[in-house]
Amino acid sequence: SAAWSLLPGRVHMRGLEIAGRTRNVSWSVRADRAAGRIELGALFSRTFHVTELRGEGVRSRVRRGPGDGSPRRPERGRRRRPWTLRFDRVALDSIREIRFNDFLLAGDGRGDGAFQVILGGDFRLEPSTLRMPAARLAMGATTLAEEIELQADASMGPFVVRRHPGLASFDFLSGSLHARGKVRELPFLESARTRAARPGKLIAELRAERGLLAAGSRFDVTVPGPAAGPPFAMTAAVAPKPAGPP
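Every position in the sequence shown, counted from 1, becomes a number in our numbering once 72 is added.
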């Protein structure tokens, strides 16, 4: 909504929104305030190089759905080199919400990372982090977990989006997720739809390597039962591979 620059390459912005769309995915990132430094000389080599970007009051949304049925455009030979978008250092304060389809992760978090994308080519996410000390996870209007202490680290790629659509893109994801929170109800448990005085718990200790959960990863959730009834409990863990013959 507003932007100004006092020094060449140094930009301050308010109401910044970045959005994109493919055949199956639409995404957007909004920031109340942002400031960045752009390497102006790189523009001559068709590279939009942001050496530093800081944002506050961040909200992101990703919506994945079936394609629109339109035929894929045939790839044509390029006369010019495609544009490269390169962000070296991104620091986001006051991350308010992250949406993926009907799921919402809300709180007050912080993220740090870097990424590069070649338009029409490959994407790479450098080691990046997300921290939320007291987040809320919801599906639609139902809160699944609250007071979540979340720490996530991830790297991804390089991979070409059009060649690895949908779940195939997770084959390039590595990282870890640590989360602990409180659970009061789950939408598919009719007996637990009333909020209990004593909440259950959520514990997730996950580690992925190139899209596969590593041994030692586990996920525990308990939900209070009706009245004095037993709670719902589920535990899942990734066991190490059995030792093979010598």
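The C-beta atom is built at its ideal place from N, Cα and C for all residues, glycine as well.
Can the beta-carbon of residue i be found less than 8 Å from the beta-carbon of residue j?
| i | j | result |
| --- | --- | --- |
| T123 | D165 | no |
| R158 | H121 | yes |
| S227 | L197 | yes |
| V293 | E257 | no |
| I90 | S100 | yes |
| L82 | R126 | The question names Leu, but residue 82 is Arg in the sequence shown. No; because the gap between Cβ atoms is not below 8 Å, this pair is not in contact. |
| F187 | F231 | no |
| G183 | L202 | yes |
| R131 | R102 | yes |
Run through DSSP, which three-state label would residue i get?
| i | result |
| --- | --- |
| A238 | Before going on, a small fix: residue 238 reads as Gly here, not Ala. In this structure, G238 counts as helix in the three-state DSSP scheme. |
| W76 | strand |
| D140 | Its pLDDT being 43, under 50, D140 is placed unreliably by the model, and nothing is read from it. |
| G113 | helix |
| V255 | strand |
| V233 | helix |
| D174 | coil |
| A264 | Annotation note: pLDDT 49 at A264 (below 50); position unreliable, coordinate value reported separately. Helix, per DSSP. |
| V310 | coil |
| S200 | strand |
| A287 | coil |
| L191 | coil |
I think residue i touches residue j, with their Cβ atoms under 8 Å apart; what is that distance to the nearest whole Å?
| i | j | result |
| --- | --- | --- |
| I167 | G185 | Contact flag wrong, Cβ pair sits at about 12 Å. |
| L278 | L249 | 4 Å |
| G247 | A224 | 7 Å |
| P237 | N96 | 6 Å |
Taking the straight line between their C-alpha atoms, what separation do you get for residue i and residue j?
| i | j | result |
| --- | --- | --- |
| P303 | L209 | 20 Å |
| W155 | G113 | 14 Å |
| E128 | A106 | 6 Å |
| A217 | R282 | 28 Å |
| A251 | T119 | 37 Å |
| P143 | S289 | Any reading at P143 must be qualified, since the residue scores a pLDDT of 47, below 50, and its modelled position is unreliable; the value itself is stated next. So the two alpha carbons sit approximately 41 Å from each other. |
| A207 | S77 | 35 Å |
| N173 | G212 | 9 Å |
| I220 | F116 | 46 Å |
| L274 | K254 | 6 Å |
| V310 | T215 | 27 Å |
| D140 | D104 | In this prediction, D140 has a pLDDT of 43, which is less than 50 and means its spatial position is unreliable; nothing more can be read from the coordinates. |
| G87 | A75 | 9 Å |
| G229 | A286 | 18 Å |
| L239 | A308 | 21 Å |
| G193 | V233 | 8 Å |
| L222 | I170 | 13 Å |
| M204 | M85 | 25 Å |
| A280 | G297 | 32 Å |
| V134 | L177 | 12 Å |
| G272 | F175 | 20 Å |
| V189 | S200 | 15 Å |
| R136 | S73 | 27 Å |
| P25 | R235 | Because residue 25 is not part of the residues shown, which for the chain are 73 to 318, the question remains open. |
| E111 | P80 | 9 Å |
By DSSP's criteria, residue i is part of a beta bridge. Which residues make up the other side?
| i | result |
| --- | --- |
| V101 | I90, S132 |
| G272 | V255 |
| F120 | L157 |
| F304 | V295 |
| L125 | G108, V162 |
| G247 | A226, A280 |
| R82 | L79, R109 |
| D180 | DSSP, once it has assigned bridges, lists no residue as partnering D180. |
Is the Cβ of residue i closer than 8 Å to any Cβ of chain B?
| i | result |
| --- | --- |
| P271 | No chain B is present in this structure, which holds just one protein chain. |
Quick one: is the Cβ of residue i within less than 7 Å of any heavy atom of the ligand NAP?
| i | result |
| --- | --- |
| L125 | The ligand NAP is not among the ligands present in this structure, which contains no ligands whatsoever. |
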